[in-house]
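2 protein chains.
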Amino acid sequence: MGAMADMQTLCNSPSDTGGGMAGREAGLAHDEHQAVRLWLRLMTCSTQIEQVIRSKLRTQFATTLPRFDYLAQLSRFPKGLRMKTLSEYLMVTGGNITGLTDQLVAEGWVERVADDEDRRSMTVRLTRSGKKQFSTMAKAHEQWLEHLLAPLGADAARELYEQLGLLRQIVGQRMEQLAD
Amino acid sequence: MGAMADMQTLCNSPSDTGGGMAGREAGLAHDEHQAVRLWLRLMTCSTQIEQVIRSKLRTQFATTLPRFDYLAQLSRFPKGLRMKTLSEYLMVTGGNITGLTDQLVAEGWVERVADDEDRRSMTVRLTRSGKKQFSTMAKAHEQWLEHLLAPLGADAARELYEQLGLLRQIVGQRMEQLAD
DNA sequence: GAAAAATACTTTATAACTAAATTATTGATG
DNA sequence: CATCAATAATTTAGTTATAAAGTATTTTTC
């Protein structure tokens, strides 16, 4: 519980929306509702980290975040994944997967394999060379994140992780009901 | 720190894929390091909410999230903002702001105003009509988020908000040090 | 006060992403 | 078994984003 007390002390209170606030929350009014504020802050954190990772991937490996994410998912499934499944895991459209796959195939990272059981389906998997090259990137990627998030501390990280798990569940449920 | 051990971490079997895990976290192994897991979960939450808001904006107002975000920032500053400042608040490049501004000007949402004090600079501000139309969208936007996040509860929402505040600070500091 | 550096915006080229339509295949229903 | 709906991937057209280079202006430095 001591960690929490420290956190609240260090952290901006909701009223601290005055000067020097970075990102989307700049100039946010006091009476802005909590849901909107939470969403903006979530976006800010996500975008900040994203930009660090993008920048690192570009300068150190001449690649992009979408490609890395694609390869990272594939690397978890040695037998490969259907493109449809991959699009669900990455939360992007099928058309996007088609495009990324074309590129990564052309560059030798992955290969398309026809599916015997369903001829509509294509399985995509890392090539031997793709596996090898990706493992280097993945190690670096992990270290960037560890360095970036280290000051948070293990306890706060775990707590945040759990709370985001709840949020994910809630939003996931709401999305199912959503009929626009 | 054997390369072999890491390789196994990277290419773990899907057997530990807990049932029904959505998004990027699918197939994530238990021994994946905490920083990476936290980042993936943050991305998942952010993307989920983003997709709801995008979809709603499209079906109900025939507009997009980037445009909404742009207008939302402007709406907080009745006197308008310099494009440079806006690009910082929205955390996007200047070129992006130029493009969005061109469109929003063409469609009558905002207007460019030359800055007398600095002739390199342009201030952009909502038109009267832009203000009026945006206020309708903003109300709906707030309700979507309230409905979406309601099950979280006020206490958990506040706590998550504070924790993300700490994260934002930490990442912000680390970004400054970052020399790639 | 002239040269050099920094800044604000724009332009260019390209990547990533989406929604919607299309094609090919599979599954379900009468 | 024939049709109709659902599904997996692709194609197409358009939006959003980036990095890098270019232009015009301001600021700094010597």
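Those protein sequence lines, which keep their order, are chains D and U. Under my numbering, the residues of the first sequence are numbered 105 to 284, in order. Under my numbering, the residues of the second sequence are numbered 105 to 284, in order. All C-beta atoms in this analysis are idealised placements derived from N, C-alpha and C, irrespective of residue type, glycine included. Model, not experiment: these values are computed from the prediction.
Assigned exposure category for residue i - 16 Cβ within 10 Å defines buried
| i | result |
| --- | --- |
| U/G184 | buried |
| D/K235 | buried |
| U/D173 | buried |
| U/R223 | exposed |
| D/D120 | Only weak support is given to the placement of D/D120: the predicted model assigns it a pLDDT of 37, under 50, and the value that follows is read from those uncertain coordinates. Classification of D/D120: exposed, given that the 10 Å Cβ count is below 16. |
| U/T197 | exposed |
| U/T202 | exposed |
| U/E266 | buried |
| D/L281 | Residue identity differs from the one stated: residue 281 of chain D is Gln in this sequence, not Leu. Its Cβ having fewer than 16 others within 10 Å, D/Q281 is exposed. |
| U/L240 | One point to set straight first is that residue 240 of chain U is Thr, not Leu, in the sequence displayed. Classification of U/T240: exposed, given that the 10 Å Cβ count is below 16. |
| D/A107 | Bear in mind that the predicted position of D/A107 carries a pLDDT of just 32, short of 50, making it too unreliable to give a figure here. |
Nearest-angstrom beta carbon gap, residue j and residue i [assumed within contact, 8 Å]
| i | j | result |
| --- | --- | --- |
| U/Q177 | U/A244 | Not really, about 18 Å apart at Cβ, beyond 8 Å. |
| D/W248 | D/I157 | 6 Å |
| D/L264 | U/L271 | 7 Å |
| D/L142 | U/A261 | 6 Å |
| D/S230 | D/S179 | Note on identity: in this sequence residue 230 of chain D is Leu, with Ser being the wrong assignment. The Cβ separation is near 6 Å, so the contact holds. |
| U/D219 | U/M226 | 6 Å |
| D/E246 | U/V228 | Not quite, the Cβ-Cβ distance comes to about 41 Å (not below 8 Å), so this is no contact. |
| D/R278 | U/L252 | 5 Å |
Any chain U beta carbon closer than 8 Å to residue i
| i | result |
| --- | --- |
| D/A258 | yes |
| D/L114 | In this prediction, D/L114 scores a pLDDT of 26, lower than 50, which makes its location untrustworthy; the coordinate-derived value is nonetheless stated afterwards. D/L114 counts as touching chain U. |
| D/D219 | no |
| D/G276 | yes |
| D/A261 | yes |
| D/A139 | yes |
| D/S150 | yes |
| D/W213 | no |
| D/R272 | yes |
| D/M147 | yes |
| D/E246 | yes |
| D/M226 | no |
| D/L194 | yes |
When the options are compared against residue i, the one with the closest alpha-carbon
| i | options | result |
| --- | --- | --- |
| D/L190 | D/E211, D/R216, D/T168, D/A166 | D/R216 |
| D/M147 | U/D220, U/K188, U/P170 | U/P170 |
| D/D259 | U/Q138, U/D173, U/P182, U/R162 | U/Q138 |
| D/E211 | D/E266, D/R232, D/G198, D/L194 | D/R232 |
| D/R128 | U/L175, U/Q155, U/F238 | U/L175 |
| D/A242 | D/Q155, D/Q152, D/T167 | D/T167 |
| U/G276 | D/A254, D/T205, D/G199, D/P182 | D/A254 |
| D/Q273 | U/L256, U/K160, U/D206 | U/L256 |
| D/D206 | D/M187, D/M195, D/Y193 | D/M187 |
| D/E192 | U/A130, U/E154, U/F238 | U/A130 |
| D/E154 | U/M195, U/K160, U/L204, U/R162 | U/M195 |
| U/M182 | U/N200, U/H251, U/F238 | Here the sequence assigns Pro to residue 182 of chain U, which means Met is not the residue at that position. Of the listed residues, the one whose Cα sits closest to U/P182 is U/F238. |
Minimum Cβ-Cβ distance from residue i to chain D less than 8 Å
| i | result |
| --- | --- |
| U/R229 | no |
| U/A130 | yes |
| U/L252 | yes |
| U/Q267 | yes |
| U/G127 | yes |
| U/S239 | no |
| U/S191 | no |
| U/M187 | no |
| U/I153 | yes |
| U/P255 | yes |
| U/R223 | no |
| U/L249 | yes |
| U/L264 | yes |
| U/V156 | yes |
| U/A109 | Low local confidence applies: a pLDDT of 31 at U/A109 is under 50, so the model's placement there is unreliable, with the coordinate-based value given in what follows. No, its Cβ sits nowhere closer than 8 Å to a Cβ of chain D. |
| U/D206 | no |
| U/L142 | yes |
| U/S119 | Unreliable positioning characterises U/S119 in this predicted model, as indicated by a pLDDT of 33, which lies under 50. A coordinate reading is not provided. |
| U/M279 | yes |
| U/T197 | no |
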